[in-house]
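Undergrad: Mind looking over this structure? Questions follow.
There are 2 protein chains.
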Amino acid sequence: MVCEKMIDRLYVLQLERGFFTPRLASKMLCIAKSDAKKMIREMLDKGFVREVEGKKGRYMLSKKGRKMVRVGLTGGCFDILHAGHIKMLESAKKLCDVLVVVIASDETIIKEKNRQAVFDEKERKMLVGAIKYVDFVIIGSKSMNIKSVIERVKPDIIIFGKDQKKLEERVKELIPRLKIKPKIKRIGTWVKGKKSSKIRSWLAKLNSAY
Amino acid sequence: MVCEKMIDRLYVLQLERGFFTPRLASKMLCIAKSDAKKMIREMLDKGFVREVEGKKGRYMLSKKGRKMVRVGLTGGCFDILHAGHIKMLESAKKLCDVLVVVIASDETIIKEKNRQAVFDEKERKMLVGAIKYVDFVIIGSKSMNIKSVIERVKPDIIIFGKDQKKLEERVKELIPRLKIKPKIKRIGTWVKGKKSSKIRSWLAKLNSAY
Numbered sequence: 001m002v003c004e005k006m007i008d009r010l011y012v013l014q015l016e017r018g019f020f021t022p023r024l025a026s027k028m029l030c031i032a033k034s035d036a037k038k039m040i041r042e043m044l045d046k047g048f049v050r051e052v053e054g055k056k057g058r059y060m061l062s063k064k065g066r067k068m069v070r071v072g073l074t075g076g077c078f079d080i081l082h083a084g085h086i087k088m089l090e091s092a093k094k095l096c097d098v099l100v101v102v103i104a105s106d107e108t109i110i111k112e113k114n115r116q117a118v119f120d121e122k123e124r125k126m127l128v129g130a131i132k133y134v135d136f137v138i139i140g141s142k143s144m145n146i147k148s149v150i151e152r153v154k155p156d157i158i159i160f161g162k163d164q165k166k167l168e169e170r171v172k173e174l175i176p177r178l179k180i181k182p183k184i185k186r187i188g189t190w191v192k193g194k195k196s197s198k199i200r201s202w203l204a205k206l207n208s209a210y
Numbered sequence: 001m002v003c004e005k006m007i008d009r010l011y012v013l014q015l016e017r018g019f020f021t022p023r024l025a026s027k028m029l030c031i032a033k034s035d036a037k038k039m040i041r042e043m044l045d046k047g048f049v050r051e052v053e054g055k056k057g058r059y060m061l062s063k064k065g066r067k068m069v070r071v072g073l074t075g076g077c078f079d080i081l082h083a084g085h086i087k088m089l090e091s092a093k094k095l096c097d098v099l100v101v102v103i104a105s106d107e108t109i110i111k112e113k114n115r116q117a118v119f120d121e122k123e124r125k126m127l128v129g130a131i132k133y134v135d136f137v138i139i140g141s142k143s144m145n146i147k148s149v150i151e152r153v154k155p156d157i158i159i160f161g162k163d164q165k166k167l168e169e170r171v172k173e174l175i176p177r178l179k180i181k182p183k184i185k186r187i188g189t190w191v192k193g194k195k196s197s198k199i200r201s202w203l204a205k206l207n208s209a210y
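Heads up: the sequence lines are chains A and B, in that order.
full-length UniProt numbering numbers the first residue of the first sequence as 1 and each following residue consecutively.
full-length UniProt numbering numbers the first residue of the second sequence as 1 and each following residue consecutively.
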């Protein structure tokens, strides 16, 4: 595994825990703890990593290290996975090194779509987290506080799907008030398949037929 | 990436194409073509790889190389992915190096379950193939010829889910007639979630409510 890929994985650990240690790094990268220690020491020497203030043995990427990782952020409901979701996540991953996905919370779905999610937020998190192109999943806040998510993830690029124009507008309005200035990109390869809303009505017909 | 992992990836290429070349290996492993050439040459020297008879530049794993890869085979409908599927695939992957999944064909689902699949076989193949734990996906034959799938994949272990007792019995009956003798394992961690059949009836209720 090349060094760059390792920095990516360390940033995922940092998103998860707020820091990383040689033990956590060895577990995630499937390498010996002694190798993880050596790697972190090398990165400290190069200035890619710094020790967390007042917390000996806990590390974070430095500004220099963080600049080596291109972080992408995308989001959605991801209720009943279909080919469109996968294509979208695959395209999003091509634009970054670490892809973070925000899953709409159950409450947000009720509020925004006026219906319950088929799968609850925990199950949707697990499903999306199992996709090859996804590095980290966050469940959105109840109040859909986009600003706090962006401030936590600090994305270099925010990626929207074809049908997320409204959300894109909301994020664009937010950006002048943020310290970071992520790029905005809308992607939308057309995918032959069934969209979630179509799937639901299709299933209802199917169920009444049998 | 360690050598063992590379052999695993080469076997996936071999399943896909019937052989591998330095060009295909370089693409799959994200390494330079010259490095892929060097790697294959080293594996030839060690006897892990052999050239395909009469096809210069095309390679396959030798018997010795193939023995280094523990291949697992599992299968199912995988119509509407849920947490149970992911848990099952994760557990299956822990039992092998390369996990091959056979997706029931659309015709098999109609025949066995007396209903159409929500997602067609191509979309189900794409979805399951996007799961982190899955290395290769095959769509089952129309006639659900389990024997031909096993003979193609040559699994070291065949893994069944908790609710696949019938299929397990069918495979167990087959084994005495096969050249290879795969192990059989049934796994079944209980997963808090909704099963496909429950999801369908749940969705029907939901749709009529709105």
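Quick reminder that beta carbons are idealized off the backbone N, C-alpha and C, glycines included.
None of the values given here were measured: they were computed from a predicted structure.
Comparing C-alpha positions only, which one of A/Ala104, A/Ile103, A/Leu89 sits nearest to A/Asp97?
TA: To locate residue 97 of chain A, count along the first sequence from 1; it is residue 97. Among A/Ala104, A/Ile103, A/Leu89, the Cα nearest to that of A/Asp97 is on A/Leu89.
Undergrad: Output needed for A/Ser148: all residues of its chain with C-beta closer than 7 Å, excluding positions within five of it in sequence on either side, in chain order.
TA: Here residue 148 of chain A refers to the residue found at position 148 of the first sequence. Closer than 7 Å at the Cβ level, and outside the excluded window around A/Ser148, lie Ser141.
Undergrad: So, for B/Leu174: in the same chain, excluding its five sequence neighbours on each side, which residues have a beta-carbon less than 8 Å away from its beta-carbon?
TA: Counting from 1 along the second sequence, the entry for residue 174 of chain B is found at position 174. Hits under 8 Å: Ile146, Lys147, Ile150.
Undergrad: Going along chain B in order, which residues have a C-beta closer than 9 Å to the C-beta of A/Leu13?
TA: Taking the first residue of the first sequence as position 1, residue 13 of chain A is located at position 13. Ordered by position in chain B, no residue passes the 9 Å Cβ test against A/Leu13, which lies about 17 Å from the chain.
Undergrad: What residue from B/Ile187, B/Gly47, B/Phe19 has the CA that sits closest to B/Lys55's CA?
TA: Position 55 of the second sequence, counted from the start, is the residue given in the question as residue 55 of chain B. For B/Lys55, the nearest C-alpha among the options comes from B/Phe19.
Undergrad: List the whole-angstrom C-beta distance separating B/Arg186 from B/Glu168, where the pair is believed to meet the contact cut-off of C-beta under 8 Å.
TA: The residue labelled residue 186 of chain B in the question sits at position 186 within the second sequence. The residue labelled residue 168 of chain B in the question sits at position 168 within the second sequence. B/Arg186 to B/Glu168, Cβ: 6 Å. Contact.
Undergrad: What is the residue span of the alpha helix (DSSP H) that A/Val128 lies within?
TA: If you number the first sequence from 1, residue 128 of chain A lands on position 128. A/Val128 -> alpha helix (DSSP H) spans 121-129.
Undergrad: Quick one: is B/Met126 near chain A, going by C-beta distance under 8 Å?
TA: In the second sequence, counting from the first residue as 1, residue 126 of chain B sits at position 126. Yes, B/Met126 counts as interfacial toward chain A.
Undergrad: Kindly indicate which three-state DSSP category B/Val153 falls into: helix, strand or coil?
TA: Sequence index remark: in the second sequence, residue 153 of chain B carries index 153 (1-based). Looking at B/Val153 - three-state DSSP - the assignment turns out to be helix.
Undergrad: Quick one, which residues of the region 122-153 of chain A are near chain B if we go by CB-CB under 8 Å, in chain order?
TA: Correct list: Glu123, Met126, Leu127, Ala130, Ile131, Lys132, Tyr133.
Undergrad: Can you find a C-beta in chain B that's less than 8 Å from the C-beta of A/Val118?
TA: Against the first sequence, residue 118 of chain A aligns to sequence position 118. Yes - at least one Cβ of chain B is within 8 Å of the one on A/Val118.
Undergrad: Does A/Ala83 come within less than 8 Å of chain B when only Cβ atoms are used?
TA: What you label residue 83 of chain A is simply residue 83 of the first sequence in a count that begins at 1. It does; some Cβ of chain B falls within 8 Å.
Undergrad: Strictly under 8 Å for the Cβ-Cβ distance: is A/Ile86 near chain B by that measure?
TA: As a position in the first sequence, residue 86 of chain A is number 86, starting the count at 1. With 8 Å as the cut-off, A/Ile86 counts as an interface residue toward chain B.
Undergrad: Taking its Cβ as the centre, do 16 or more other Cβ atoms sit within 10 Å of A/Ala25, making it buried, or is it exposed?
TA: Reading the first sequence from its first residue, position 25 is the one you call residue 25 of chain A. A/Ala25 is buried by the Cβ-count criterion.
Undergrad: Consider the Cβ of B/Ile199: report whether some Cβ of chain A lies at a distance smaller than 8 Å.
TA: Along the second sequence, one-based indexing puts residue 199 of chain B at 199. At least one chain A Cβ lies under 8 Å of B/Ile199.
Undergrad: Please list the terminal residues of the continuous beta strand (DSSP E) segment that includes B/Val102.
TA: What you label residue 102 of chain B is simply residue 102 of the second sequence in a count that begins at 1. Counting along the chain, the beta strand (DSSP E) containing B/Val102 begins and ends at 98-103.
Undergrad: Based on the DSSP output, what are the partners of B/Glu51 in its beta bridges?
TA: Locating residue 51 of chain B in the second sequence gives position 51, where the first residue counts as 1. DSSP output for B/Glu51 lists B/Tyr59 as bridge partner(s).
Undergrad: Could you tell me the alpha carbon to alpha carbon distance between B/Lys93 and B/Met39, rounded to whole angstroms?
TA: Translated into the one-based positions of the second sequence, residue 93 of chain B becomes position 93. Translated into the one-based positions of the second sequence, residue 39 of chain B becomes position 39. Distance between the alpha carbons of B/Lys93 and B/Met39 is about 26 Å.
Undergrad: Quick check: the Cα distance between B/Ala104 and B/Gln116, rounded to an integer number of angstroms?
TA: Indexing the second sequence from 1 puts residue 104 of chain B at position 104. Indexing the second sequence from 1 puts residue 116 of chain B at position 116. The alpha-carbon atoms of B/Ala104 and B/Gln116 are separated by roughly 12 Å.
Undergrad: Label A/Pro22 either buried or exposed according to how many other C-beta atoms from any shown protein chain fall within 10 Å of its C-beta, with 16 as the threshold for buried.
TA: By one-based count along the first sequence, residue 22 of chain A stands at place 22. Buried is the call here.
Undergrad: Between the alpha carbons of B/Leu44 and B/Arg70, how many angstroms are there, rounded?
TA: On the second sequence, residue 44 of chain B is found 44 positions in, with the first residue counted as 1. On the second sequence, residue 70 of chain B is found 70 positions in, with the first residue counted as 1. Their Cα atoms are separated by approximately 20 Å.
Undergrad: Does A/Cys77 pass the burial test, meaning 16 or more other C-beta atoms within 10 Å, or should it be called exposed?
TA: Within the first sequence, numbered from 1, the residue matching residue 77 of chain A stands at position 77. By the neighbour-count rule (16 or more Cβ atoms within 10 Å), A/Cys77 is buried.
Undergrad: Taking only the alpha-carbon atoms, compute the straight-line gap between A/Glu53 and A/Lys64 and give it to the nearest angstrom.
TA: Against the first sequence, residue 53 of chain A aligns to sequence position 53. Against the first sequence, residue 64 of chain A aligns to sequence position 64. Computed Cα separation, rounded: 17 Å.
Undergrad: Quick one: what's got a C-beta closer than 6 Å to B/Lys179's C-beta in the same chain, skipping five residues either side?
TA: For the purposes of this step, residue 179 of chain B is taken as residue 179 along the second sequence, with counting starting at 1. Closer than 6 Å at the Cβ level, and outside the excluded window around B/Lys179, lies no residue.
Undergrad: Apart from the five residues on each side of it in sequence, which residues of its chain come closer than 8 Å, Cβ to Cβ, to A/Lys33?
TA: As a working mapping, residue 33 of chain A is identified with position 33 in the first sequence. Around A/Lys33: Pro22, Arg23, Ser26.
Undergrad: For A/Arg124, count the other beta carbons within 10 Å of its own beta carbon; 16 or more makes it buried, fewer makes it exposed. Which is it?
TA: Mapped onto the first sequence, residue 124 of chain A falls at position 124. A/Arg124 should be labelled buried.
Undergrad: What is the C-beta distance between B/Tyr59 and B/Arg66, in whole angstroms, given that I count them as a contact (C-beta under 8 Å)?
TA: Against the second sequence, residue 59 of chain B aligns to sequence position 59. Against the second sequence, residue 66 of chain B aligns to sequence position 66. The pair is not a contact, with the Cβ atoms about 12 Å apart (cut-off 8 Å).
Undergrad: Is there a Cβ from chain B that is less than 8 Å from the Cβ of A/Ile159?
TA: For this step, residue 159 of chain A is matched to residue 159 along the first sequence. Chain B, which has no Cβ nearer than 8 Å to the Cβ of A/Ile159, makes this no.
Undergrad: Using the beta-carbon count (16 or more within 10 Å), is A/Ile110 buried or exposed?
TA: Mapped onto the first sequence, residue 110 of chain A falls at position 110. Looking at its Cβ environment, which holds fewer than 16 other Cβ atoms inside 10 Å, A/Ile110 is exposed.
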